[in-house]
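Chemist: Have a look at the structure that comes next, please.
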Amino acid sequence: AKGRGIGLAQQSNPPKKASLKPLHWVKVTRAMQGSLWEDAQKQGNQARAPDIDLSELESLFSTAVATNASEKGGTKRGSAISKPEIVHLVDMRRANNCEIMLTKIKMPLPDMINAILALDTSVLDNDQVENLIKFCPTKEEIEMLKNYNGNKEMLGKCEQFFLELMKVPRVESKLRVFAFRITFSTQVEELRTNLTTINDATKEVKESLKLRQIMQTILTLGNALNQGTARGSAVGFRLDSLLKLSDTRARNNKMTLMHYLCKLLSEKLPELLDFDKDLIHLEAASKIQLKLLAEEMQAINKGLEKVEQELAASVNDGAISVGFREALKSFLDAAEAEVRSLISLYSEVGRNADSLAQYFGEDPARCPFEQVTSILVIFVNMFKKSRDENARTAELEKKKLEKDKEKATLSAKKVLE
């Protein structure tokens, strides 16, 4: 054993005399300042490791050597001799999760790489691509695999997968571009739908003659009630005043001003009672926040920038990225046209949203689009509720009159008899 011992502090990578079982650790390649590993590299370090007897280590931890029996195929089940072990370099939990992910995709690794480079959305969906992004090798894992000099066929599935990904320059960037490519159409369509809804709702409100007449009727009612006071002789009213119509009750406490408005309209202008049918997109528009649309627009623009950056960077990739560049360029040309159209629509919507507040005499900064539509939706619902309650009350009164009439008729008959 003498002469075979070695001090690990003096020589960190002793030559192996036999094939030893690996220790599954995560290697530190650079000692962090202030760490014990940095201190260990200094001369005269007190915390030295003891000499290790390599002969003993080899006898205890060498991999199994095939015997004559095994060479002849005579290895018995349950014998201590086993096939060569799979080499695992990646953290076991991460490796297991990676293998589970690969099992779900059910595709040979080369086919998967080809699908990525072709941006083939018929082969990989967004969830699969997002999972692939999660399992892109880190810098440390890449370094570990680069430094592995053993038989690559003996590496685990996760390590094999990492090696395949490492063949593709900036693979994570390409996967992120792929994910953007998959979701782009849906993102654009959803944003366009929301923007169009706002435009439609704005147009419907501003072009509704019935709503305009109702607003004028409310103004007339309010001025009649406020006659002779500081609130009277108004030329208009703040939009949120609409919500106070249900708060103002009649003396008998059975009717609100909203009920009276509906009663007045049903008697004088019954064609206005269904004004809500003019405002088809109002409720849907009231659920949309312009701030979120701005964030979605920004996300699409940023995604497009990443595509442009990867297209420029892949010029130097060589043959492996030729097909990728063609597919990406084709997508980019179509996407840029879509986004230009979307930006134009977005600007138009911004102007229209402000104009809606201005239509009601409000400052868009103090009463933004979301507030305007919210007030209008509440007003419409309150109006419909009062209109329907009036109709039910009228129906009950009609039935009561009919019953009273029947009773009177019966009484008259009895008197005659």
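Letter by letter, the sequence shown follows residues 1443 to 1859 of our numbering. Glycine is no exception: its CB is placed at the ideal position from the N, C-alpha and C atoms. Computed from a prediction, not measured in an experiment: that's the story for all the values here.
#1: So, with DSSP's three-state summary, where would you put I1722?
#2: Under a three-way DSSP split, which group does R1767 fall into?
#3: So F1626 and A1755 are supposed to be a Cβ contact under 8 Å. How far apart are they, rounded?
#4: Which residue's Cα is closest to the Cα of N1593: V1529, A1666 and G1674?
#5: Per DSSP, V1529 forms a beta bridge with which residues?
#6: Once the 5 residues before and after P1810 are set aside, which same chain residues still bring their CB inside 8 Å of it?
#7: Look at the alpha carbon of T1815 and the alpha carbon of L1721, and state the distance between them as a whole number of angstroms.
#8: CB-CB under 7 Å to G1516, same chain, minus the five flanking residues each way: which ones, in chain order?
#9: Starting from the Cα of E1790, find the closest Cα among R1767, T1639 and T1698 and give me that residue.
#10: Kindly indicate the opening and closing residues of the alpha helix (DSSP H) around D1689.
#11: Which same chain residues end up closer than 7 Å to D1682 when comparing Cβ atoms and leaving out the 5 residues on each side of it in sequence?
#12: In whole angstroms, what separates the C-alpha of L1637 from that of T1563?
#13: State the Cα-Cα distance for the pair R1829 and S1728, rounded to the nearest angstrom.
#14: Helix, strand or coil: which one does DSSP assign to S1650?
#15: Taking S1797 as the reference, give the member of K1648, A1666 and L1784 with the closest Cα.
#16: Please report the straight-line C-alpha distance between S1501 and S1461, rounded to a whole angstrom.
#17: From the DSSP output, in three-state form, read off I1730 for me.
#18: Report the rounded CA-to-CA distance for A1561 versus L1746, giving the unit in angstroms.
#19: Please report how far the alpha carbon of L1605 lies from the alpha carbon of T1644, in whole angstroms.
#20: Does the count of Cβ pairs from the region 1825 to 1841 and the region 1694 to 1710 closer than 8 Å reach three?
#21: So what does DSSP say about S1497, is it helix, strand or coil?
#22: Please work out which residues of its chain come closer than 8 Å, Cβ to Cβ, to V1819, disregarding the five sequence neighbours upstream and downstream, and give them in chain order.
#23: Alpha carbon to alpha carbon, how far is E1614 from L1551?
#24: Could you tell me how far apart the beta carbons of I1558 and L1496 are, in whole angstroms, since I believe they sit closer than 8 Å?
#25: Would I1762 and V1610 be called neighbours here (beta carbons separated by less than 9 Å)?
#26: CA-CA distance, V1757 and K1484?
#27: Kindly indicate the opening and closing residues of the alpha helix (DSSP H) around E1541.
#28: With distances taken from CA atoms, which of E1595, M1596 and N1641 is nearest S1431?
#29: Report yes if the CB atom of M1543 is closer than 9 Å to the CB atom of K1576, and no otherwise.
#30: Start and end of the alpha helix (DSSP H) containing M1700?
#31: So, using beta-carbon positions, are T1600 and R1536 closer together than 9 Å?
#32: One question on the structure: do L1633 and F1821 come within less than 9 Å of each other, judged by their Cβ atoms?
#33: Can you tell me whether DSSP reads S1504 as helix, strand or coil?
#34: At what residue ranges does the region 1616 to 1677 contain a whole run of the beta strand (DSSP E), taking only runs of 3 or more?
#35: By Cβ distance below 6 Å, which residues in the same chain neighbour E1752 in space, the five residues on each side in sequence not counted?
#36: Could you give the first and the last residue of the continuous alpha helix (DSSP H) run that contains K1588?
Modeler: The relevant details are as follows:
#1: Working through the sequence shown from its first residue, we reach residue 1722 at position 280. I1722 falls in the coil class under three-state DSSP.
#2: Taking the first residue of the sequence shown as 1, we reach residue 1767 at position 325. Residue state, collapsed to three classes: helix.
#3: Residue numbering aside, residue 1626 sits at position 184 when the sequence shown is read from its first letter. Residue numbering aside, residue 1755 sits at position 313 when the sequence shown is read from its first letter. Not confirmed; about 20 Å, so no contact.
#4: Position 151 of the sequence shown, counted from the first residue, corresponds to residue 1593. For N1593, the closest of V1529, A1666 and G1674 by C-alpha to C-alpha distance is V1529.
#5: What you label residue 1529 is simply residue 87 of the sequence shown in a count that begins at 1. V1529 has L1597 as its beta-bridge partners, per DSSP.
#6: Your numbering for residue 1810 matches position 368 in the sequence shown. Answer for P1810: L1732, A1795 and A1799, listed in chain order.
#7: Indexing the sequence shown from 1 puts residue 1815 at position 373. Indexing the sequence shown from 1 puts residue 1721 at position 279. One C-alpha to the other measures close to 11 Å.
#8: Against the sequence shown, residue 1516 aligns to sequence position 74. Since pLDDT at G1516 reaches only 40, below the 50 mark, its modelled position is unreliable, and no value is offered.
#9: As a first step, residue 1790 must be located in the sequence shown, where it is residue number 348. When the alpha-carbon of E1790 is set against those of R1767, T1639 and T1698, the nearest one is in T1639.
#10: For the purposes of this step, residue 1689 is taken as residue 247 along the sequence shown, with counting starting at 1. Note, D1689: premise wrong, no alpha helix (DSSP H); not H, not E.
#11: Residue 1682 sits at position 240 when you count from the first residue of the sequence shown. Once the five neighbours on either side are set aside, the close Cβ partners of D1682 are I1817.
#12: The residue given as residue 1637 occupies position 195 in the sequence shown. The residue given as residue 1563 occupies position 121 in the sequence shown. One alpha carbon belongs to L1637, the other to T1563, and they sit about 27 Å apart.
#13: For this step, residue 1829 is matched to residue 387 along the sequence shown. For this step, residue 1728 is matched to residue 286 along the sequence shown. Straight-line Cα distance between these residues: approximately 22 Å.
#14: Numbered from its first residue, the sequence shown carries residue 1650 at position 208. DSSP places S1650 in coil when its eight states are reduced to three.
#15: The residue labelled residue 1797 in the question sits at position 355 within the sequence shown. Put simply, of K1648, A1666 and L1784 the residue whose alpha carbon is nearest the alpha carbon of S1797 is K1648.
#16: Locating residue 1501 in the sequence shown gives position 59, counting from the first residue. Locating residue 1461 in the sequence shown gives position 19, counting from the first residue. C-alpha separation (whole angstroms): 10 Å.
#17: Here residue 1730 corresponds to residue number 288 of the sequence shown, with the count starting at 1. Annotated three-state conformation of I1730 is coil, per DSSP.
#18: Counting from one through the sequence shown, the residue named residue 1561 turns up at place 119. Counting from one through the sequence shown, the residue named residue 1746 turns up at place 304. Per the sequence shown, residue 1561 should be read as Leu rather than Ala. Between L1561 and L1746, the alpha-carbon positions lie close to 15 Å from each other.
#19: Position 163 of the sequence shown, counting from 1, holds the residue named residue 1605. Position 202 of the sequence shown, counting from 1, holds the residue named residue 1644. Distance between the alpha carbons of L1605 and T1644: 56 Å.
#20: With a cut-off of 8 Å, the region 1694 to 1710 and the region 1825 to 1841 count as touching, because enough Cβ pairs lie within range.
#21: Start at 1 with the first residue of the sequence shown, and residue 1497 comes out as number 55. In this structure, S1497 counts as helix in the three-state DSSP scheme.
#22: Your numbering for residue 1819 matches position 377 in the sequence shown. The beta carbon of V1819 sits closer than 8 Å to those of L1724, E1725 and S1728, all from its chain and outside the five residues before and after it, given in chain order.
#23: As a position in the sequence shown, residue 1614 is number 172, starting the count at 1. As a position in the sequence shown, residue 1551 is number 109, starting the count at 1. Rounded to whole angstroms, the separation of the alpha carbons of L1551 and E1614 is 16 Å.
#24: Locating residue 1558 in the sequence shown gives position 116, where the first residue counts as 1. Locating residue 1496 in the sequence shown gives position 54, where the first residue counts as 1. With a Cβ gap of about 45 Å, I1558 and L1496 do not count as contacting.
#25: As a working mapping, residue 1762 is identified with position 320 in the sequence shown. As a working mapping, residue 1610 is identified with position 168 in the sequence shown. Remark: C-beta atoms of I1762 and V1610 approach each other more closely than 9 Å.
#26: Taking the first residue of the sequence shown as position 1, residue 1757 is located at position 315. Taking the first residue of the sequence shown as position 1, residue 1484 is located at position 42. Whole-angstrom Cα-Cα distance: 45 Å.
#27: As a working note, residue 1541 is residue 99 in the sequence shown. Here the alpha helix (DSSP H) through E1541 covers M1534 to I1547.
#28: Coverage of the chain is limited to positions 1443 through 1859, which leaves residue 1431 absent and any answer about it impossible.
#29: Within the sequence shown, numbered from 1, the residue matching residue 1543 stands at position 101. Within the sequence shown, numbered from 1, the residue matching residue 1576 stands at position 134. Contact: yes.
#30: By one-based count along the sequence shown, residue 1700 stands at place 258. M1700 -> alpha helix (DSSP H) spans L1699 to K1710.
#31: The sequence position of residue 1600 within the sequence shown is 158, counting from 1. The sequence position of residue 1536 within the sequence shown is 94, counting from 1. Note that residue 1600 is Cys in the sequence shown here, rather than Thr. C1600 places its beta carbon less than 9 Å from that of R1536.
#32: Here residue 1633 corresponds to residue number 191 of the sequence shown, with the count starting at 1. Here residue 1821 corresponds to residue number 379 of the sequence shown, with the count starting at 1. 9 Å or more divides the Cβ of L1633 from the Cβ of F1821.
#33: Translated into positions along the sequence shown, residue 1504 becomes position 62. S1504 carries a strand assignment under DSSP once its states are collapsed to helix, strand and coil.
#34: Listed in chain order, there is nothing to give.
#35: The residue given as residue 1752 occupies position 310 in the sequence shown. S1615 and V1619.
#36: Taking the first residue of the sequence shown as position 1, residue 1588 is located at position 146. From DSSP, the alpha helix (DSSP H) with K1588 extends over K1581 to K1588.
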